[in-house]
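Enquirer:
Protein chains in written order, with my numbering: chain A, 716 to 1136; chain B, 7 to 379.
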């Protein structure tokens, strides 16, 4: 009997209730005592004028009108930004969702089910199971490997991918690092990836990783230039390197993808190459060089590299949205008041919330577009790849740079242009 | 004693890679290659990892007992490998196969050819990084496995051909089921063409890669789809028709471009042609009659020798059997297409890029287990 036939809704609800019961039991027996212990030992931040004591804090938690300022205070701290919302956790959550969507999406394309059993509903907890499996596995380090670099490179990979995500503005004012030369910083950070790849490949001290590492180096260098030139035409139109500024200039006129379709295309292709996704997955080409530069990875080292890859995927998709699809631009869809007659302090800002909503939706759209080639394409060969990168894409990206210049000097865009609202 | 200066030799620039038997792109087979940069300059095929001594084993069993183990070398094409064996034994013992039995045999062998070719195509797809082309043929293979299961009772190892005919008759409703599956499959074949064969990236990778000229192909003695892709229209079903194949009207599919693309496309054309053959076979098959000639419990023939061959999924597959008049064959030798196609590997890989290794290797229609026997 197949899974769908044996599925009983009642049983499912029952199992969910059972789960909730155990979570509550464990929380009240273990979590609450721990919370009390922590509260008595950790100094709490002052809230406005009043110093927070553990007792006051606990009474505030119970009183909703006083909880709101605490939460507001917490989400405006730097730690929250870096660790949670526009920073790493948001990126990692999108990365996790991407992995699940990729597996289901690809499965539907290939006439199979994909993850099905873990988590009862369509295998939504498969990723968690895979993560636990990777954590519990032994990490095998080759005997002749350069051990410090072998251990450091995967961590550096995730860190650099996280740094990339930190530069992306998600909503007005919601960015970890709002630097004036944001785009330049992104290119600088992207330059670390071939270095880490090659270091890891060399440190593995094995033949297939070595070939894979060299391939990654060739590929990323060949595609960096069209990547940068494609983004440069956006800079010409926007007149700024600041990513927030680029989004705002698109909100003042129209999305740049309408003016620079060729740049957007080149940017998309180059991102695929940067991400080492099919059809550009030569550094990991399985049938030729086993698994390329990640051949010697095992356990959580492999898990970290996968996490880094998907965070990088999120960052580049988000960059595409920021550069070409108007970032968070979109109508305000959340109501101004959550409850009729509620007069207390505003719980949320509808403008920011809908900005986040539109940004996430657009990013997922671009991510889907980046996942698509995996189902329909073969792997490309290295000489064709280099030819594409050095000859075709560079020429193509220059075309739209001239279009951008013409738009600026023709008075269509830019300060006081025809199409600027 | 000062420092000794050692000059870099030509050999130092080369990197030796052992592809297989645990490499994801090799199968149960190893070939040692040396690469100079991205180019392969040396190749040494090293088969034998799955040698099971089938030929020797066949000398210790009688002719009927031989069937289940002789199909092991290529279980995905088991009806064809036992077909040639049955033909050779029938020639030795002068057995006449009933007409309906001949048709059922041919149908089973065509079905099995599809199963094998789809499996081959699935692996060819994943070798080129096309995961959809792995899943689709591997899924559609079930169509024919389902039919063969109805016909023979087993999914892969059928042991269906026996000297004197086939083991049992067709089940009821088989003909209609077969026709509907073929119709669906032909629709799917067009989709394969759209997603795989007509795709520019696939064509870029395979066209003009690994050229095996007509002269070289004949000189190296390759067979089957590899030979036909080099422009030689040679098919055992046509040049040496066995059983009912001389009553069937079909074209020998061949291409003249001699490259990896032709070698991957000819089996696809064969699949199309095979659908056509199956339709004709089902149409012309007598509706009733015996499917096999009853043999004695321990059949034996006069001393003598015979050589018969059939067109398998990988080309000509022949059995040379010597009998000394006892129930057990004196010698059984199998000539398989895989081994003959492997001889071209060295010739084709040298001078090509490392990235072309999977596409050339698997386009040779090589089945390591069959080559080792």
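Here a beta-carbon is modelled for each residue, glycine too, at the ideal position from N, C-alpha and C. Here the structure is a predicted model, which is why all the values come from computation and not from measurement.
Return the CA-CA distance between residue 1110 of chain A and residue 940 of chain A, expressed in angstroms with no decimal places.
Expert: If I take the Cα positions, the gap works out to 11 Å.
Enquirer: What residues of chain A sit near residue 30 of chain B, judged by a beta carbon separation below 7 Å?
Expert: Neighbours of residue 30 of chain B on chain A, chain order: 1001, 1002 and 1005.
Enquirer: So the candidates are B:208, B:215, B:158 and B:275; which of them puts its Cα closest to the Cα of residue 230 of chain B?
Expert: Of the candidates B:208, B:215, B:158 and B:275, the one whose C-alpha sits nearest the C-alpha of residue 230 of chain B is B:275.
Enquirer: What residues in its chain sit with their C-beta under 6 Å from that of residue 813 of chain A, if we drop five residues either side in the sequence?
Expert: Answer for residue 813 of chain A: 1025 and 1082, listed in chain order.
Enquirer: The beta strand (DSSP E) with residue 322 of chain B in it runs from where to where?
Expert: Looking at the DSSP string, the run of the beta strand (DSSP E) that includes residue 322 of chain B is 321-329.
Enquirer: Residue 360 of chain B versus chain A: which residues are under 9 Å apart at the beta carbon?
Expert: Here the neighbours are 926, 1003, 1004 and 1097.
Enquirer: With a threshold of 16 other CB atoms inside 10 Å of the CB of residue 57 of chain B, please say whether the residue is buried or exposed.
Expert: It counts as exposed.
Enquirer: Using a Cβ-Cβ distance under 7 Å, would residue 286 of chain B count as near chain A?
Expert: It does not; no Cβ of chain A falls within 7 Å.
Enquirer: Whose Cβ in chain B lies nearer than 7 Å to the Cβ of residue 696 of chain A?
Expert: A question about residue 696 of chain A goes unanswered here, because the residues of chain A that appear run from 716 up to 1136.
Enquirer: Can you check whether the CB of residue 46 of chain B is closer than 7 Å to the CB of residue 358 of chain B?
Expert: Yes; because the gap between Cβ atoms is below 7 Å, this pair is in contact.
Enquirer: Show which residues of chain B have a CB atom less than 8 Å away from the CB atom of residue 1090 of chain A.
Expert: Neighbours of residue 1090 of chain A on chain B, chain order: 137 and 138.
Enquirer: Could you tell me the distance, in whole angstroms, from the CA atom of residue 191 of chain B to the CA atom of residue 181 of chain B?
Expert: Cα-Cα distance, rounded: 15 Å.
Enquirer: Would you mind telling me which residues of chain A sit closer than 7 Å to residue 207 of chain B, beta carbon to beta carbon, in chain order?
Expert: The answer, in chain order, is 994, 1092, 1093 and 1095.
Enquirer: Report the option in A:920, A:1080 and A:931 whose CA atom is closest to the CA atom of residue 999 of chain A.
Expert: Among A:920, A:1080 and A:931, the Cα nearest to that of residue 999 of chain A is on A:931.
Enquirer: Between the C-alpha atoms of residue 929 of chain A and residue 23 of chain B, what's the straight-line distance to the nearest angstrom?
Expert: Roughly 16 Å separates the two Cα atoms.
Enquirer: Return no unless some Cβ of chain A is closer than 7 Å to the Cβ of residue 291 of chain B.
Expert: With 7 Å as the cut-off, residue 291 of chain B does not count as an interface residue toward chain A.
Enquirer: Between residue 825 of chain A and chain B, is any beta-carbon pair separated by less than 7 Å?
Expert: Closer than 7 Å: yes.
Enquirer: So, using beta-carbon positions, are residue 228 of chain B and residue 346 of chain B closer together than 7 Å?
Expert: Yes, the pair counts as a contact, with Cβ atoms nearer than the cut-off.
Enquirer: Which residues bound the beta strand (DSSP E) around residue 45 of chain B?
Expert: Its beta strand (DSSP E) spans residues 45-52.
Enquirer: Residues of chain A with a CB under 7 Å from the CB of residue 134 of chain B: which are they?
Expert: Going along chain A in sequence order, the residues near residue 134 of chain B (Cβ under 7 Å) are 1093 and 1094.
Enquirer: Just how far apart, CA to CA, sit residue 720 of chain A and residue 150 of chain B?
Expert: Cα to Cα, residue 720 of chain A sits roughly 26 Å from residue 150 of chain B.
Enquirer: Check whether the stretch 1006-1014 of chain A touches the stretch 852-869 of chain A, taking contact to mean three or more Cβ pairs, one atom from each stretch, closer than 8 Å.
Expert: The stretch 1006-1014 of chain A vs the stretch 852-869 of chain A: in contact.
Enquirer: Counting Cβ pairs, one atom from each stretch, are 3 or more of them under 8 Å apart for the stretch 103-111 of chain B and the stretch 785-796 of chain A?
Expert: As far as the Cβ criterion goes, the stretch 103-111 of chain B does not touch the stretch 785-796 of chain A, which means the pair count is below three.
Enquirer: Give, in chain order, every unbroken run of the alpha helix (DSSP H) that is at least 4 residues long and sits entirely within the stretch 969-1010 of chain A.
Expert: With a minimum length of 4 residues, the continuous alpha helix (DSSP H) runs that stay inside the stretch 969-1010 of chain A are 971-974, 976-990 and 1001-1004.
Enquirer: Under three-state DSSP, which class holds residue 37 of chain B?
Expert: Strand, per DSSP.
Enquirer: Count the other CB atoms within 10 Å of the CB of residue 804 of chain A; is the residue buried (16 or more) or exposed (fewer)?
Expert: Answer is exposed; the Cβ neighbour count stays below 16.
Enquirer: Over the uninterrupted beta strand (DSSP E) stretch that includes residue 1127 of chain A, give me the two end residues.
Expert: Element bounds for residue 1127 of chain A: n/a, residue is neither H nor E.
Enquirer: Measure from the alpha carbon of residue 1071 of chain A to the alpha carbon of each residue in A:889, A:782, A:1015 and A:981, then state which is nearest.
Expert: Closest option to residue 1071 of chain A, Cα to Cα, is A:889.
Enquirer: If you drop the 5 nearest sequence neighbours on each side, which residues of the same chain put their C-beta closer than 6 Å to that of residue 83 of chain B?
Expert: Contacts found: 118, 122, 318 and 319.
Enquirer: Over what stretch of residues does the beta strand (DSSP E) that includes residue 310 of chain B continue unbroken?
Expert: Per DSSP, residue 310 of chain B belongs to the beta strand (DSSP E) from 310-318.
Enquirer: Return the residues of the stretch 348-374 of chain B that lie within a Cβ-Cβ distance of less than 8 Å from chain A, sorted by chain order.
Expert: Flagged, chain order: 359, 360, 361, 362, 363 and 364.
Enquirer: By a C-beta neighbour count over all protein chains shown, 10 Å radius and 16 as the cutoff for buried, is residue 1028 of chain A buried or exposed?
Expert: Under this definition residue 1028 of chain A is a buried residue.
Enquirer: DSSP puts residue 172 of chain B in a beta bridge; with which residues?
Expert: Residue 172 of chain B pairs with B:167.
Enquirer: Look up residue 930 of chain A in the DSSP assignment and say whether it is helix, strand or coil.
Expert: In this structure, residue 930 of chain A counts as helix in the three-state DSSP scheme.
Enquirer: I'd like to confirm the pairing. Which residues does DSSP put opposite residue 341 of chain B in its beta bridges?
Expert: Residue 341 of chain B pairs with B:324.
Enquirer: Between the Cα of residue 200 of chain B and the Cα atoms of B:126, B:142, B:344 and B:246, which residue gives the shortest distance?
Expert: Nearest of B:126, B:142, B:344 and B:246 to residue 200 of chain B, Cα basis: B:142.
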